[in-house]
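Participant:
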Amino acid sequence: MSTTSDTQSKQYETLLVERSGGVVTITFNRPKSKNAVNGVMWIELLELLTEIQHTSTDRVVVLTGTNGEFCSGADLVAMGDGSGRAHSHSYYSMREVTGVIMALSRLPQPTIAKVRGVAVGVGCNMALGCDLVVASDTARFSEIFSKRGMSLDGGGSWLLPRRIGLHRAKELAFFADIIDAAEADRIGLVNRVVPDAQLDAFVTEWTDRLIALPPIALAQSKRMLNNSMNVTLEEALDDEGVAQTVNFGTKDTPEAIAAWMEKRNPVFKGR
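So that you can map any letter, position 247 of the sequence shown is 246 in numbering that gives the first Met the number 0, and since no number is skipped, the others follow by simple counting.
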């Protein structure tokens, strides 16, 4: 696993990337289209997420968007031919979407979606693909696909029922309504809604708390929770036993126990 120091990372065409104190902040940066995703962004996201997965000093990942918007979905203008018609998605091109969503899911690091403004279509589903979703009171969410003549993508068919239940998922998918932050909070689509002026500070508080926790143990819990609906109770219990065996083989678990007994804060190394 590679390491990297705090830095403004390499330049991307569609992303801003900043690393600071173990936190990687990925900012969608296509403000003229409210950060709609084009082909270049899919490629850059996959490259970056793959790099993060193998970088031990990257401890928490935050997804957000520039200019007060999260992501307005796929860039239908870029997909079109100037006639107002969008080109048909080939299965190959959809694999770019699949690759990014799977890379996001496979990250061992905790991920937070910091949502201002619109999170629509695949933008909504990239937010839902994060472990935690914190929304400004300005945020608006929509599974807009049916109003654009499309079915769900970006993992929405898997993520939505697991977040809010099957019937509510169908309501959002069928009607493609735009819901505000308060409604998203009410139905369980997000973890927290905070005033816009407090959003950055709130997310920083959460990243600070996550940085202070043992990364290997967090990664084990994340993996098991992500897989929890695909296994039996017996399989989950077996997996927990294996995970705890891994934890006790690290330096972090003995450090946590020693710190508790000595009444001090633990210092975790991730090994």
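We put the beta carbon where it would ideally sit given N, CA and C, even for glycine.
1. Could you spell out where the alpha helix (DSSP H) holding S156 opens and where it closes?
2. C129 and A335 - do their beta-carbons sit closer together than 9 Å?
3. According to DSSP, is F174 part of a helix, a strand, or is it coil?
4. Do three or more CB pairs link the segment 115 to 125 to the segment 53 to 60 at distances below 8 Å?
5. Could you tell me whether the Cβ atoms of M125 and C70 are closer together than 9 Å?
6. Across the segment 55 to 69 and the segment 20 to 37, are there enough close Cβ pairs to call them in contact, namely three or more that are closer than 8 Å?
7. In angstroms with no decimal places, state the Cα-to-Cα distance between A168 and L159.
8. Rounded to whole angstroms, what's the CA-CA distance from F267 to G164? Just pull it up for me.
9. Can you look up I256 in the DSSP assignment and give me helix, strand or coil?
10. Would the segment 229 to 244 and the segment 128 to 145 be scored as touching if the rule is three or more Cβ pairs under 8 Å?
11. Just to confirm before moving on: does the CB-CB distance between I215 and N246 stay below 9 Å?
12. Pull up the distance between the alpha-carbon of E233 and that of W157, whole angstroms please.
13. Thinking C-alpha only, which one of L14, D57 and F174 is nearest R29?
14. Run through the DSSP bridge pairs and tell me what L14 is partnered with.
15. If I follow the unbroken alpha helix (DSSP H) through V245, where does it start and stop?
16. Are the beta-carbon atoms of D238 and P213 separated by less than 9 Å?
Facilitator: Here's the rundown:
1. Residue mapping note: residue 156 aligns to position 157 of the sequence shown, counting from 1. In the DSSP assignment, S156 falls within the alpha helix (DSSP H) that extends over G155 to I163.
2. Lying outside 0 to 270, the shown extent of the chain, residue 335 is not represented and no answer is given.
3. Looking up residue 174 in the sequence shown gives position 175. Correct three-state label for F174: helix.
4. With the cut-off at 8 Å, the segment 115 to 125 and the segment 53 to 60 do not touch.
5. For the purposes of this step, residue 125 is identified with residue 126 of the sequence shown, where counting begins at 1. For the purposes of this step, residue 70 is identified with residue 71 of the sequence shown, where counting begins at 1. Yes.
6. Counting C-beta pairs closer than 8 Å gives three or more between the segment 55 to 69 and the segment 20 to 37, which meets the contact rule.
7. Here the question's residue 168 lines up with position 169 in the sequence shown. Here the question's residue 159 lines up with position 160 in the sequence shown. Taking the straight line joining both Cα atoms gives about 5 Å.
8. For the purposes of this step, residue 267 is taken as residue 268 along the sequence shown, with counting starting at 1. For the purposes of this step, residue 164 is taken as residue 165 along the sequence shown, with counting starting at 1. Going by the C-alpha atoms only, they are around 36 Å apart.
9. Reading the sequence shown from its first residue, position 257 is the one you call residue 256. Correct three-state label for I256: helix.
10. no
11. The residue labelled residue 215 in the question sits at position 216 within the sequence shown. The residue labelled residue 246 in the question sits at position 247 within the sequence shown. Contact flag set, yes.
12. Translated into the one-based positions of the sequence shown, residue 233 becomes position 234. Translated into the one-based positions of the sequence shown, residue 157 becomes position 158. Computed Cα separation, rounded: 23 Å.
13. Taking the sequence shown and counting its residues from 1, the one referred to as residue 29 is at position 30. Minimum Cα distance to R29 is reached at L14.
14. Start at 1 with the first residue of the sequence shown, and residue 14 comes out as number 15. Answer by DSSP bridge pairing, in chain order: F27.
15. As a first step, residue 245 must be located in the sequence shown, where it is residue number 246. That run of the alpha helix (DSSP H) goes L232 to F247.
16. Residue 238 sits at position 239 when you count from the first residue of the sequence shown. Residue 213 sits at position 214 when you count from the first residue of the sequence shown. No.
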